[in-house]
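Colleague:
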Amino acid sequence: MTNKIQQISKVLQHKITQEIKQKGAISFANFMKMALYEPGLGYYSAGLKKFGREGDFITAPELGPLFAQTLANFFAAVLSDIKHPVIMELGAGQGTFCYQLLKQLDTVNQLPSAYWILEISADLKKTQQQQIAQLPKHISQKVRWLNQLPDESFEGIIFGNEVLDALPVEVFQIFESGPQRLMLCDKQGELKEQWQPFPEVLLNQLASKSLDLPVGYRSEFIPHLQSWMEGVVQCLRTGVVLWVDYGYGAKQLYHPQRQQGTLVCHQRHQANFNPYQSIGTQDMTSFVDFTHVATVLDGLGFDVCSFTHQSDFLMSLGLTDLINENAKFKDYYQQISEMKQLVLPNEMGEKFKVLAAKKNTTTHIPGFEHNRSYDL
Ligand SMILES: C[S@@+](CC[C@H](N)C(=O)[O-])C[C@H]1O[C@@H](n2cnc3c(N)ncnc32)[C@H](O)[C@@H]1O
């Protein structure tokens, strides 16, 4: 780690302990929020190289263009049914998905009227703007960055890849007396874990999952997912919400054997389970409860019509048709290796799921020939 990064991490840790001194113990969710998103200091906000081979992790759009090019078939089909379609992408990372998707939609004459990006990190927003500026003007001028959720309603698609797994989580453990919440206090400048009862509102959110877990079981959930999701999707008048992420239905996510939960940190492509080491210099994430996501969208008036593995989704959208068999060996090899990472079960293929929900539209949602139950 360079001195500058160490310095940023120290300042962030100091800020977290100051917060604790002022307010008392903070929840793990608050800690995670600061560690990832504290302006200028958090992992996503401090200008570290995060994505790609020299970063800490790689996402599907960063592997190469195949992911976005395949999803373009989905976007083109849905957008073609709408008069002035808008795409709103949440958490656009380096802007790579937007760049590749719009390039592909341009080739099939299906550019949307506008592409909005809602990004929490000022640093990533700058990177996105640099990448989008490389697109031809008639494409790049479609892209606009929102500082907050839009006031105006629109028709189109709301999309996010690996955003839900990056939302701060509450950590809980089951005690004889019921579930308790992981809190962090300060012990001589070091963070110390302690368990406390949940406030009623969070206890109710956890109870609504109807989990039957043994004493000692520890896991996570996204607090206030209902209000967060409502904020994001309420501006969609007509169209589709598409979430891609690693996760399971609740029965698998909260399986008795997964008794330590799924919270994990990533640094230089190595996973570790210590969120308190070099705070702000490592990613922190947990698997998504897609049953919860589906239930919330259903309660918000959406028809949760489709849920499947990423591999099935991409294959049924025609991923293999995009492989150029006449390409030079090196390019062909790169395409095949990219495809394998996207679809093999031990890579992203089965760990990643795709959930689509539609509102006020009867449009056919392509890519879900192998529809699965999100309740499992
Ligand atoms: C793991 S990265 C994925 C980036 C990109 N979608 C990709 O696939 O490469 C998570 C992204 O979500 C953003 N993010 C996290 N929470 C957010 C929120 N509440 N609103 C908007 N963006 C958010 C992060 O700053 C980052 O851009």
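So the sequence shown is numbered by the working numbering: it starts at 1044 and just counts up by one.
Using N, Cα and C, we set each Cβ at its ideal position, and we do this for glycine too.
These numbers come from a predicted model, not from an experiment.
1. Who pairs with Y1158 in a beta bridge, going by DSSP?
2. Closer than 8 Å by C-beta to E1219: which residues in its own chain qualify, once you throw out the five before and the five after it? Chain order, please.
3. Taking only the alpha-carbon atoms, compute the straight-line gap between S1354 and D1194 and give it to the nearest angstrom.
4. Identify the residues that DSSP records as bridge partners of H1352: which are they?
5. Could you check where the beta strand (DSSP E) with T1281 kicks off and where it finishes?
6. How long is the line joining the alpha carbons of H1309 and F1197, rounded to whole angstroms?
7. Helix, strand or coil for K1047? Go by DSSP, reduced to three states.
8. Does the stretch 1294-1312 come close enough to the stretch 1270-1284 that 3 or more CB-CB pairs lie under 8 Å?
9. Relative to the C-alpha of H1057, which residue among G1361, M1382, Y1319, R1261 is closest?
10. Give every residue of the same chain whose Cβ lies closer than 7 Å to the Cβ of G1323, excluding the five residues on either side of it in the sequence, and list them in chain order.
11. Going by the DSSP bridge assignment, what does G1090 pair with across the sheet?
12. How is I1059 classed by DSSP in three states: helix, strand or coil?
13. Do you know offhand how far E1390's Cα is from Q1065's?
14. Let me check understanding here. Comparing Cα to Cα, which of F1071, A1068, I1101, N1046 lies closest to E1381?
15. Does ligand 1 have a heavy atom nearer than 6 Å to the CB of G1134?
16. Indicate, with yes or no, if ligand 2 has a heavy atom lying under 6 Å from the CB of A1209.
17. Using a C-beta cutoff of 7 Å, does L1225 count as contacting chain B?
18. For I1366, count neighbouring Cβ atoms within 10 angstroms of its own Cβ and tell me buried if that reaches 16, exposed if not.
19. Are the Cβ atoms of T1334 and A1293 separated by less than 7 Å?
20. Beta carbon of T1102: closer than 6 Å to some heavy atom of ligand 1?
21. For ligand 1, I want to know if N1190 counts as a neighbour, meaning its beta carbon is within less than 6 Å of at least one of the ligand's heavy atoms.
22. Measure the Cβ-Cβ separation of E1412 and S1359 and say whether it is below 7 Å.
23. Does any heavy atom of ligand 1 sit closer than 6 Å to the C-beta of Y1087?
24. Between which two residues does the beta strand (DSSP E) carrying E1381 extend?
25. As an exercise, report each continuous alpha helix (DSSP H) stretch of at least 4 residues that is fully enclosed by the stretch 1156-1235, in chain order.
26. Assuming A1078 is part of the alpha helix (DSSP H), what are its boundary residues?
27. Who are the Cβ neighbours of G1203 in its own chain at under 6 Å, not counting the five residues just before and after it?
28. Alpha carbons only, please: which of Q1137, E1393, Y1289 is nearest the one belonging to G1098?
29. Inspect the beta-carbon positions of L1225 and E1273 and report whether they are closer than 7 Å.
30. For I1163, is the beta carbon positioned less than 6 Å from some heavy atom of ligand 1?
31. Could you check the C-alpha separation between A1068 and V1331 for me, to the nearest Å?
32. If you draw a straight line from the C-alpha of L1122 to the C-alpha of L1144, how long is it?
33. I need the boundaries of the alpha helix (DSSP H) containing Q1270, first residue and last residue.
34. Looking only at its chain, what residues have a beta carbon closer than 7 Å to the beta carbon of Y1291, apart from the 5 residues adjacent to it on each side?
35. What is the residue span of the beta strand (DSSP E) that H1309 lies within?
36. Could you check where the beta strand (DSSP E) with N1315 kicks off and where it finishes?
Modeller: This is what the structure holds:
1. For Y1158, which the question treats as bridged, DSSP gives the partners I1130, V1186.
2. Cβ neighbours of E1219 beyond the five flanking positions: V1258.
3. Those two C-alpha atoms are separated by around 36 Å.
4. Beta-bridge pairing links H1352 to K1396.
5. That run of the beta strand (DSSP E) goes 1279-1291.
6. A straight line joining the alpha-carbon of H1309 with that of F1197 spans about 36 Å.
7. In the structure shown, the three-state DSSP call for K1047 is helix.
8. Cβ pair count under 8 Å is below three, so no.
9. H1057 has its Cα closest to that of Y1319, out of G1361, M1382, Y1319, R1261.
10. Cβ within range, chain order: I1051, S1052, L1055, A1078, L1084, G1085, Y1086, A1089.
11. According to the DSSP secondary-structure assignment, G1090 is paired through a beta bridge with no residue.
12. Helix, per DSSP.
13. Looking at the two C-alpha atoms, the distance is approximately 44 Å.
14. If we check each option's Cα against that of E1381, I1101 comes out closest.
15. Yes - ligand 1 has a heavy atom lying nearer than 6 Å to the Cβ of G1134.
16. For the structure depicted, ligand 2 is absent and the ligand set comprises only ligand 1.
17. Absent from the structure is chain B; it holds one protein chain and no more.
18. When all chains shown are included, I1366 counts as exposed.
19. In contact: T1334 and A1293 (Cβ atoms closer than 7 Å).
20. T1102 has its CB nearer than 6 Å to a heavy atom of ligand 1.
21. No, ligand 1 has no heavy atom inside 6 Å of this Cβ.
22. Yes; because the gap between Cβ atoms is below 7 Å, this pair is in contact.
23. Yes, since a heavy atom of ligand 1 falls inside the 6 Å radius drawn around the Cβ of Y1087.
24. Where E1381 is concerned, there is no enclosing beta strand (DSSP E), although the alpha helix (DSSP H) around it starts and stops at 1372-1386.
25. Counting whole runs of 4 or more residues, the stretch 1156-1235 contains the alpha helix (DSSP H) stretches 1165-1175, 1180-1183.
26. 1071-1080 is the extent of the alpha helix (DSSP H) around A1078.
27. Setting aside the 5 residues that flank it on each side, G1203 is surrounded in the same chain by L1133, G1134, W1286, each with a C-beta closer than 6 Å to its C-beta; the list follows chain order.
28. Here the closest residue by C-alpha is Q1137.
29. No; because the gap between Cβ atoms is not below 7 Å, this pair is not in contact.
30. Yes; taking the cut-off as 6 Å, the Cβ of I1163 has a heavy atom of ligand 1 nearer than that.
31. Taking the straight line joining both Cα atoms gives about 26 Å.
32. Cα to Cα, L1122 sits roughly 13 Å from L1144.
33. Before going further, note that residue 1270 is Ser rather than Gln in the sequence given. Per DSSP, the continuous alpha helix (DSSP H) segment holding S1270 begins and ends at 1268-1276.
34. Excluding its 5 nearest sequence neighbours in each direction, Y1291 has C-beta neighbours in its own chain below 7 Å: F1330, F1333, listed in chain order.
35. Its beta strand (DSSP E) spans residues 1307-1310.
36. It spans 1313-1315 - the beta strand (DSSP E) in which N1315 sits, taken as one unbroken run.
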